[in-house]
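Visitor:
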Ligand SMILES: Cc1cc2nc3c(=O)[nH]c(=O)nc-3n(C[C@H](O)[C@H](O)[C@H](O)COP(=O)(O)OP(=O)(O)OC[C@H]3O[C@@H](n4cnc5c(N)ncnc54)[C@H](O)[C@@H]3O)c2cc1C
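Residue numbers (our numbering): 17 to 467.
(1) For my contact list, residue 312 and residue 32 are in at a C-beta cut-off of 8 Å; report their separation, rounded to the angstrom.
(2) On the CB-based measure, 16 or more other CB atoms within 10 Å of its CB, does residue 103 come out buried or exposed?
(3) Rounded to whole angstroms, what's the CA-CA distance from residue 345 to residue 277? Just pull it up for me.
(4) With distance defined between alpha-carbon atoms, name the residue in 227, 125, 134 and 402 nearest to residue 335.
(5) Taking the straight line between their C-alpha atoms, what separation do you get for residue 201 and residue 398?
(6) Using the Cβ count rule (16 or more neighbours within 10 Å means buried), how would you classify residue 417?
(7) Roughly how many angstroms separate the alpha carbons of residue 68 and residue 447, rounded to a whole number?
(8) Pick out whichever of 221, 294, 293 and 247 has its Cα sitting closest to the Cα of residue 326.
(9) Quick one: is residue 136 buried, meaning 16 or more other Cβ sit within 10 Å of its Cβ, or exposed?
(10) Less than 7 Å between the beta carbons of residue 372 and residue 293, yes or no?
(11) By the 10 Å Cβ neighbour count, where 16 or more other Cβ atoms means buried, how is residue 317 classified, buried or exposed?
(12) Tell me the residue span of the alpha helix (DSSP H) that contains residue 54.
(13) Tell me, please, whether the segment 143-163 touches the segment 363-381 by the rule of three or more beta-carbon pairs shorter than 8 Å.
(14) Could you check how far apart the C-beta atoms of residue 79 and residue 127 are, in whole angstroms? I think they sit under 8 Å.
(15) In chain order, which beta strand (DSSP E) runs of at least 3 residues are fully inside the segment 51-130?
(16) For the alpha helix (DSSP H) that residue 434 lies in, which residues bound it at each end?
(17) Assign residue 245 to one of three DSSP states: helix, strand, or coil.
(18) Taking contact to mean at least 3 C-beta pairs separated by less than 8 Å, is the segment 228-248 in contact with the segment 85-104?
(19) By DSSP, does residue 211 sit in helix, in strand, or in coil?
(20) I'd like to confirm something about residue 379: is its beta-carbon nearer than 6 Å to some heavy atom of ligand 1, or not?
(21) Would you mind working out which of 393, 332 and 304 sits nearest residue 350, comparing C-alpha positions?
(22) Is residue 58 near ligand 1, going by C-beta to nearest heavy atom under 6 Å?
(23) Given 6 Å as the limit, tell me if residue 55 has its C-beta closer than that to any heavy atom belonging to ligand 1.
(24) When you compare only the Cα positions, how much space is there between residue 25 and residue 232?
(25) Measure the Cβ-Cβ separation of residue 419 and residue 432 and say whether it is below 7 Å.
(26) At which residues does the alpha helix (DSSP H) containing residue 222 begin and terminate?
(27) What residue from 361, 211, 347 and 364 has the CA that sits closest to residue 29's CA?
(28) Sort 41, 116 and 342 by Cα distance to residue 271 and report the nearest one.
(29) Among residues of its own chain, excluding the 5 on either side of residue 85, which ones have a beta-carbon nearer than 8 Å to its beta-carbon?
(30) Nearer than 6 Å: is that true of the beta carbon of residue 391 relative to any heavy atom of ligand 1?
(31) Can you have a look at residue 48 and say buried or exposed, based on whether 16 or more other CB atoms are within 10 angstroms of its CB?
(32) Is residue 75 near ligand 1, with its Cβ less than 6 Å from a heavy atom?
(33) Taking the runs of the alpha helix (DSSP H) that are 4 residues or longer, which of them lie wholly in the segment 332-408?
(34) Which residue comes first and which comes last in the beta strand (DSSP E) that contains residue 300?
(35) Identify, in the order they occur along the chain, each residue of the same chain with its Cβ nearer than 6 Å to the Cβ of residue 225, setting aside the five sequence neighbours on each side.
(36) Using beta-carbon positions only, say whether residue 308 and residue 41 come within less than 7 Å of one another.
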């Protein structure tokens, strides 16, 4: 027999930026009293949310040339929640640094593309400026140095560049969650979820320590969310194309973030250079994008699980074949594979870096050791195509979040959505103080919508 006191109202599985943002929302803005956060690592955010696993960018959609206006609108709203959290809770800027950022157009085709984009995007992003070579040189001299006078370059630039240590942000969310001592918030660290099943109205979560029982479960376990979804019969139309991202480090040659124009049909950020979050004397270039058959970076034990997420069906095979038969994607994958190969990789990557900083020398570029994250890109088995951005699977009293980029930028909006959904699951005795959530985190526009 199960005693009410043993049952959690909500169990969150995975303590990265997504899981901790949700815990922050549930513990501070709802009347839910018993919450468990289950994380297999000894600390939060040691996976893709760690400083060395991602590009540290708060994506607004202003300089990401693969975002449509509609997508940029959504991402801007989501990123603003994170920005406002930081501005209100981190006045000493221990979690983030504010640098300018720009996307660079090189040559006739790209400069024209950016001029057109500026016309469409400037009303959504009033701080965005179209700047010519002379102005670029003032803020980023090394971007212009060694270019021929004939080479055409322009940039879309803004001062709204936030570089974030997402692990520290996750720690901050956690700190603000456990500060609420009136509730039972159990942090189960070094506890790995092995399997899950539904028994009656509760979920029985088998961990390597104990069984955890919960009314509602949310998976924020990155690529593993899909595997657990499949174990319960959900997410059959999805597989994953996992793309590992590494970086090269150089001495500080840039003052802010410099992105390049996105390759068409490629759903992840083009190579860019930026200062490390709290160290402008180091510039990081990347990320590379190497297809991998692992679910977690450097964790070779996850190889078998990767194939279990795809399901090894004919449909999955046809989807991968369809995606890889696109010449642009195949070439991109092969090129990125070479970037990680000693000797050749650095030389090939240098050519990409020189598009941003033409004076960069081979000796100044080193593969970043110990860095690496994995973007679980969603393959839609129905359309047989790669999807851009995150996926959420909604089941019976259960949610599964799969979070490639820009999953860290959208963490609070995702938490807001999940909080509302969890309340729907739990029933009418439960409340979410959304007004206070938006007063604390929203900007004027978001507030105007509710008042
Ligand atoms: C190269 C690269 C660059 C990126 N750049 C950006 C960027 O600039 N801006 C941006 O917004 N996003 C970026 N992203 C995406 C961003 O890093 C992710 O969307 C985000 O970190 C996902 O957070 P998460 O909490 O969902 O997953 P994670 O941080 O991976 O957390 C998942 C957690 O689940 C735990 N877990 C897994 N299985 C179990 C289990 N069985 N039991 C218990 N715990 C489990 C893991 O240990 C882990 O802590 C980038 C990603 C990569 C790889």
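Using N, Cα and C, we set each Cβ at its ideal position, and we do this for glycine too. For clarity, every value in this text was computed on a predicted model and none was experimentally measured.
Guide: Quick look at the numbers:
(1) The residue labelled residue 312 in the question sits at position 296 within the chain shown. The residue labelled residue 32 in the question sits at position 16 within the chain shown. Their Cβ separation, rounded to whole angstroms, is 11 Å, which puts residue 312 and residue 32 out of contact at 8 Å.
(2) One-based indexing of the chain shown puts residue 103 at position 87. Result: exposed.
(3) As a working mapping, residue 345 is identified with position 329 in the chain shown. As a working mapping, residue 277 is identified with position 261 in the chain shown. The alpha-carbon atoms of residue 345 and residue 277 are separated by roughly 16 Å.
(4) Start at 1 with the first residue of the chain shown, and residue 335 comes out as number 319. Looking at the Cα atoms, 402 is the closest of the given residues.
(5) Along the chain shown, read from residue 1 onward, the residue named residue 201 stands at position 185. Along the chain shown, read from residue 1 onward, the residue named residue 398 stands at position 382. So the two alpha carbons sit approximately 40 Å from each other.
(6) Along the chain shown, read from residue 1 onward, the residue named residue 417 stands at position 401. Classification of residue 417: buried, given that the 10 Å Cβ count is 16 or more.
(7) Here residue 68 corresponds to residue number 52 of the chain shown, with the count starting at 1. Here residue 447 corresponds to residue number 431 of the chain shown, with the count starting at 1. Rounded to the nearest angstrom, the two C-alpha atoms are 37 Å apart.
(8) The residue given as residue 326 occupies position 310 in the chain shown. Considering only alpha carbons, the answer is 247.
(9) Position 120 of the chain shown holds residue 136. Classification of residue 136: exposed, given that the 10 Å Cβ count is below 16.
(10) As a working mapping, residue 372 is identified with position 356 in the chain shown. As a working mapping, residue 293 is identified with position 277 in the chain shown. No.
(11) Locating residue 317 in the chain shown gives position 301, where the first residue counts as 1. By the neighbour-count rule (16 or more Cβ atoms within 10 Å), residue 317 is not buried but exposed.
(12) The residue labelled residue 54 in the question sits at position 38 within the chain shown. Premise fails: residue 54 lies in the beta strand (DSSP E), 50-54, not in any alpha helix (DSSP H).
(13) yes
(14) Counting from 1 along the chain shown, the entry for residue 79 is found at position 63. Counting from 1 along the chain shown, the entry for residue 127 is found at position 111. In fact, because the Cβ distance is near 15 Å, the residues do not count as touching under 8 Å.
(15) 112-122
(16) Numbered from its first residue, the chain shown carries residue 434 at position 418. Residue 434 -> alpha helix (DSSP H) spans 427-442.
(17) The residue labelled residue 245 in the question sits at position 229 within the chain shown. If DSSP states are grouped into helix, strand and coil, residue 245 belongs with the helices.
(18) no
(19) Numbered from 1 along the chain shown, position 195 holds the residue referred to as residue 211. Strand, per DSSP.
(20) Indexing the chain shown from 1 puts residue 379 at position 363. No; taking the cut-off as 6 Å, the Cβ of residue 379 has no heavy atom of ligand 1 nearer than that.
(21) On the chain shown, position 334 is the one that residue 350 refers to. Cα-wise, what sits closest to residue 350 is 304.
(22) For the purposes of this step, residue 58 is identified with residue 42 of the chain shown, where counting begins at 1. Not so, every heavy atom of ligand 1 lies at least 6 Å from the Cβ.
(23) Locating residue 55 in the chain shown gives position 39, counting from the first residue. The answer is yes for residue 55.
(24) Here residue 25 refers to the residue found at position 9 of the chain shown. Here residue 232 refers to the residue found at position 216 of the chain shown. Roughly 6 Å between the two C-alpha positions.
(25) Locating residue 419 in the chain shown gives position 403, counting from the first residue. Locating residue 432 in the chain shown gives position 416, counting from the first residue. Not a contact, by the Cβ cut-off of 7 Å.
(26) Position 206 of the chain shown holds residue 222. Here residue 222 belongs to no alpha helix (DSSP H); instead the beta strand (DSSP E) covers 218-223.
(27) For the purposes of this step, residue 29 is taken as the residue at position 13 of the chain shown. Ranking the options by Cα distance to residue 29, first place goes to 211.
(28) By one-based count along the chain shown, residue 271 stands at place 255. That would be 116, whose Cα lies nearest to the Cα of residue 271.
(29) Within the chain shown, numbered from 1, the residue matching residue 85 stands at position 69. Hits under 8 Å: 136, 137 and 140.
(30) Counting from 1 along the chain shown, the entry for residue 391 is found at position 375. At least one heavy atom of ligand 1 is nearer than 6 Å to the Cβ of residue 391, so yes.
(31) The count along the chain shown starts at 1 and reaches residue 48 at position 32. Buried is the call here.
(32) Working through the chain shown from its first residue, we reach residue 75 at position 59. Under cutoff, so the answer is yes.
(33) 343-355 and 360-372
(34) Counted from its first residue, the chain shown places residue 300 at position 284. Residue 300 -> beta strand (DSSP E) spans 295-302.
(35) As a position in the chain shown, residue 225 is number 209, starting the count at 1. Excluding sequence neighbours, residue 225 sits near 207.
(36) Along the chain shown, read from residue 1 onward, the residue named residue 308 stands at position 292. Along the chain shown, read from residue 1 onward, the residue named residue 41 stands at position 25. In this structure, residue 41 does not lie closer than 7 Å to residue 308 by Cβ.
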